[in-house]
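What follows is one structure encoded as C-alpha coordinates, with my remarks underneath.
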Amino acid sequence: MSEVDNEWLTPKQAAELVGVTPRTVQNWIKDGKVRGYQVVGRIRVKRSDVDALYQPKSPDVPGNASGDRP
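Oh and the sequence shown: position 37 is 24 in our numbering, straight run, nothing missing.
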(Lines of atoms letter the chains of each structure in order from A and count residues from 1; the text may use other names and numbers.)
(Lines give C-alpha, C1' and ligand atoms only; values in the text may rest on other atoms or scores of the structure.)
Protein backbone atom coordinates (compact mmCIF):
# COMPACT_ATOMS: atom_id res chain seq x y z
CA MET A 1 0.00 0.00 0.00
CA SER A 2 1.39 3.39 -0.93
CA GLU A 3 1.77 6.37 1.37
CA VAL A 4 -1.07 8.15 -0.48
CA ASP A 5 -3.45 5.27 0.34
CA ASN A 6 -2.79 5.81 4.04
CA GLU A 7 -2.93 9.61 4.04
CA TRP A 8 -5.84 11.07 6.00
CA LEU A 9 -7.06 14.58 5.22
CA THR A 10 -9.45 17.03 6.83
CA PRO A 11 -12.21 18.26 4.53
CA LYS A 12 -10.33 21.57 4.31
CA GLN A 13 -7.09 19.85 3.24
CA ALA A 14 -8.96 17.74 0.69
CA ALA A 15 -10.64 20.87 -0.69
CA GLU A 16 -7.31 22.67 -1.07
CA LEU A 17 -5.84 19.62 -2.81
CA VAL A 18 -8.44 19.61 -5.58
CA GLY A 19 -9.38 23.30 -5.68
CA VAL A 20 -12.89 23.27 -4.24
CA THR A 21 -14.41 24.62 -1.03
CA PRO A 22 -14.51 22.60 2.19
CA ARG A 23 -18.31 22.73 1.90
CA THR A 24 -18.07 20.89 -1.43
CA VAL A 25 -16.07 18.11 0.23
CA GLN A 26 -18.68 17.95 3.01
CA ASN A 27 -21.37 17.61 0.34
CA TRP A 28 -19.39 14.82 -1.37
CA ILE A 29 -19.32 12.97 1.95
CA LYS A 30 -23.05 13.55 2.47
CA ASP A 31 -23.84 12.40 -1.09
CA GLY A 32 -21.61 9.33 -0.83
CA LYS A 33 -19.11 10.42 -3.50
CA VAL A 34 -16.30 10.29 -0.92
CA ARG A 35 -16.37 8.24 2.25
CA GLY A 36 -15.94 10.21 5.45
CA TYR A 37 -14.51 8.57 8.56
CA GLN A 38 -14.91 9.61 12.20
CA VAL A 39 -11.44 9.78 13.71
CA VAL A 40 -11.42 10.87 17.35
CA GLY A 41 -14.64 12.81 16.83
CA ARG A 42 -13.46 14.54 13.64
CA ILE A 43 -14.24 13.81 10.01
CA ARG A 44 -11.37 12.64 7.83
CA VAL A 45 -11.20 11.41 4.24
CA LYS A 46 -8.63 9.23 2.53
CA ARG A 47 -6.52 11.07 -0.01
CA SER A 48 -6.80 8.11 -2.38
CA ASP A 49 -10.63 8.47 -2.31
CA VAL A 50 -10.39 12.16 -3.21
CA ASP A 51 -7.83 11.44 -5.94
CA ALA A 52 -10.14 8.77 -7.39
CA LEU A 53 -12.74 11.44 -8.18
CA TYR A 54 -10.30 13.02 -10.61
CA GLN A 55 -9.03 9.89 -12.35
CA PRO A 56 -9.98 9.80 -16.03
CA LYS A 57 -12.53 7.15 -16.83
CA SER A 58 -12.15 5.00 -19.89
CA PRO A 59 -14.44 6.19 -22.69
CA ASP A 60 -17.41 4.04 -23.62
CA VAL A 61 -17.25 2.50 -27.05
CA PRO A 62 -20.44 3.51 -28.89
CA GLY A 63 -22.56 0.65 -30.15
CA ASN A 64 -20.65 -1.94 -28.15
CA ALA A 65 -22.60 -1.96 -24.90
CA SER A 66 -23.59 -5.62 -25.22
CA GLY A 67 -20.07 -6.75 -25.98
CA ASP A 68 -20.96 -7.77 -29.53
CA ARG A 69 -18.46 -6.96 -32.22
CA PRO A 70 -19.72 -5.01 -35.25
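Beta carbons: idealized from backbone N, C-alpha and C, even for Gly.
To which residues of the same chain is residue i closer than 8 Å at the C-beta, ignoring the five residues directly before and after it?
| i | result |
| --- | --- |
| T11 | A2 |
| E(-6) | K33, R34 and S35 |
So residue i packs on residue j, CB below 8 Å; how close in whole Å?
| i | j | result |
| --- | --- | --- |
| P9 | V32 | Actually they are not in contact, since the Cβ atoms of P9 and V32 sit about 11 Å apart, beyond 8 Å. |
What are the boundary residues of the beta strand (DSSP E) that residue i is part of?
| i | result |
| --- | --- |
| Q25 | G23 to V26 |
| K33 | R29 to K33 |
Pull up the distance between the alpha-carbon of residue i and that of residue j, whole angstroms please.
| i | j | result |
| --- | --- | --- |
| Q42 | R34 | 13 Å |
| V26 | W15 | 18 Å |
| S4 | G19 | What sits at residue 4 in the sequence shown is Leu, not Ser. L4 and G19: Cα-Cα distance of roughly 19 Å. |
| D36 | G28 | 20 Å |
| Q13 | L40 | 14 Å |
| Y24 | V7 | 20 Å |
| D38 | Q0 | 12 Å |
| L(-4) | I30 | 9 Å |
Go to residue i, then tell me how far its alpha helix (DSSP H) extends in each direction, as first and last residue.
| i | result |
| --- | --- |
| A17 | According to the sequence provided, residue 17 is Lys. The question's Ala does not apply to it. Unbroken alpha helix (DSSP H) run through K17: P9 to D18. |
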